[in-house]
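Structure record follows, encoded as structure tokens.
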Amino acid sequence: METAPQFFRHGPGPFARLFVFALLSCLLIVGDTRFKYFPQLRQAIGVVIFPLQKIAYIPANIYDQMEEFIASFNLLEENIKLRQIYLENREQLLKLASLEAENIHLRNLLGAVQHIETKTRTKAVLAKILYTPRDPFNHKIILNKGSQHHIQLGQAVIDDKGIVGQITQLYPWSSEVTLLTDRDHSVPVQVVRNSLRSVVSGTGKNDQLELRYLSVNTDIQRGDQLVTSGIGGVYPPGIPVATVLRIERDPTGDFAQIISTPVAGVDRNRQVLILSLIQPDSDDASEALEIESGKN
Numbered sequence: 000m001e002t003a004p005q006f007f008r009h010g011p012g013p014f015a016r017l018f019v020f021a022l023l024s025c026l027l028i029v030g031d032t033r034f035k036y037f038p039q040l041r042q043a044i045g046v047v048i049f050p051l052q053k054i055a056y057i058p059a060n061i062y063d064q065m066e067e068f069i070a071s072f073n074l075l076e077e078n079i080k081l082r083q084i085y086l087e088n089r090e091q092l093l094k095l096a097s098l099e100a101e102n103i104h105l106r107n108l109l110g111a112v113q114h115i116e117t118k119t120r121t122k123a124v125l126a127k128i129l130y131t132p133r134d135p136f137n138h139k140i141i142l143n144k145g146s147q148h149h150i151q152l153g154q155a156v157i158d159d160k161g162i163v164g165q166i167t168q169l170y171p172w173s174s175e176v177t178l179l180t181d182r183d184h185s186v187p188v189q190v191v192r193n194s195l196r197s198v199v200s201g202t203g204k205n206d207q208l209e210l211r212y213l214s215v216n217t218d219i220q221r222g223d224q225l226v227t228s229g230i231g232g233v234y235p236p237g238i239p240v241a242t243v244l245r246i247e248r249d250p251t252g253d254f255a256q257i258i259s260t261p262v263a264g265v266d267r268n269r270q271v272l273i274l275s276l277i278q279p280d281s282d283d284a285s286e287a288l289e290i291e292s293g294k295n
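0 is the number of the first residue of the sequence shown in numbering that gives the first Met the number 0; add one for each residue after it.
This is the structure:
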């Protein structure tokens, strides 16, 4: 009689296997504790399998490097976009600051116009500085107002603080202004403190003017305010011109050296005012003649 073939060979039971492996573990623990053989064995095994571990980690390292590369590329692109946005915002902020400064300057000019028109019979025309000629020995500026805008030679040019210069060349749509600091320019002035009259002249420097031909015992002090005297009819009286900065008196000389600094921004304006005298109306002129005849 034939028996059925066995597909599975029956070995020791599960409990027998558990007992054998537990006993083997205890023996290994005791041997490791007493004889210290296994640390060297573990190190040898580690040396052998280390290259295999490096090879096994290669795909993971490649994946990590690709992730870092993609992240750095995205960060670089984001950084470029953020820098572009920053530059655009920076440009807008600079324009805003420039417009704010220009607005403040225009408000100051408006206040100066109202003050001057109240004190004197003058009217003011706002003009923009186009450019500065390249001649380093002449202090001049070019304005965007000319004869077509009813500008005339000799008219005074001011800013919100004081005298800037005078119209010396006239063109149809532009005009040339000789600045207060030009060597060939002079302005009749008066000391506010004691009404002393003199003439202030340019020195060729943006921050210096000179009062010439005043004796060493002249009553003038550091810090005295100089305003236009109105003599000559070019500049309306009472407009600030300069402040006395330094006085040098040489007893052996005839004249004192008096240096002052202009109060106007002769080298830092974008807009200025051109002053012109307001012609009296016919009614005002006839009234003035009647007053004069009444006095006579």
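C-beta: ideal position from N, C-alpha, C; glycine also.
- Annotation: the continuous beta strand (DSSP E) that includes V198 extends over 196 to 201.
- Looking from the CA of S214, the closest CA among Q189, P250, D206 belongs to P250.
- Its Cα nearest to that of Q151, the residue Y170 stands out among I140, Y170, I141, A55.
- With contacts defined by Cβ atoms closer than 8 Å, I141 and S173 form a contacting pair.
- Counting along the chain, no beta strand (DSSP E) covers Q220, and no H or E run does either.
- S71 and A55 have their C-alpha atoms roughly 26 Å apart.
- For S228, there is no enclosing beta strand (DSSP E), as DSSP marks it with neither H nor E.
- For G232 and R248, the gap between their C-alpha atoms comes out near 32 Å.
- One Cα belongs to Q64, the other to E87, and the distance between them is close to 34 Å.
- Taken through DSSP and simplified to helix, strand or coil, V19 comes out as helix.
- When rounded, the separation of the alpha-carbon atoms in Q52 and V19 is 31 Å.
- In terms of Cα proximity to G237, the closest of C25, S194, L74 is S194.
- Inter-segment contact for the stretch 118 to 135 and the stretch 160 to 169 is absent: fewer than three beta-carbon pairs are separated by less than 8 Å.
- DSSP, read as helix, strand or coil, puts K53 in helix.
- With a threshold of 16 other beta carbon atoms within 10 Å, N268 meets it and is buried.
- With distances taken between CA atoms, L179 lies nearest to T260 out of T260, F254, N216, R245.
- In the three-state DSSP reduction, A70 falls in the helix class (H, G or I).
- Between D266 and N216, the gap from beta carbon to beta carbon reaches 8 Å or more.
- Under the three-state reduction of DSSP, S173 is assigned to coil, being neither helix nor strand.
- In this chain, the beta strand (DSSP E) harbouring F254 covers 254 to 261.
- Apart from sequence neighbours up to five positions away, the residues of its chain that approach G229 with a beta-carbon distance below 7 Å are P235, P236, ordered along the chain.
- Boundaries of the beta strand (DSSP E) around V240: 239 to 247.
- Rounded to whole angstroms, the separation of the alpha carbons of I84 and V262 is 41 Å.
- The beta carbons of D158 and V271 sit closer together than 8 Å.
- Here P11 carries a coil assignment [DSSP, helix/strand/coil].
- K144 sits buried, since 16 or more C-beta atoms from the chains shown fall within 10 Å of its C-beta.
- Nearest to V198 by alpha-carbon distance, out of L210, P38, I219, is L210.
- In this structure, the straight-line span from the alpha carbon of F14 to that of E67 is close to 52 Å.
- Around the beta carbon of D253, fewer than 16 other beta carbons sit within 10 angstroms, so the residue counts as exposed.
- Per DSSP, I150 lies in no beta strand (DSSP E) segment and is marked neither H nor E.
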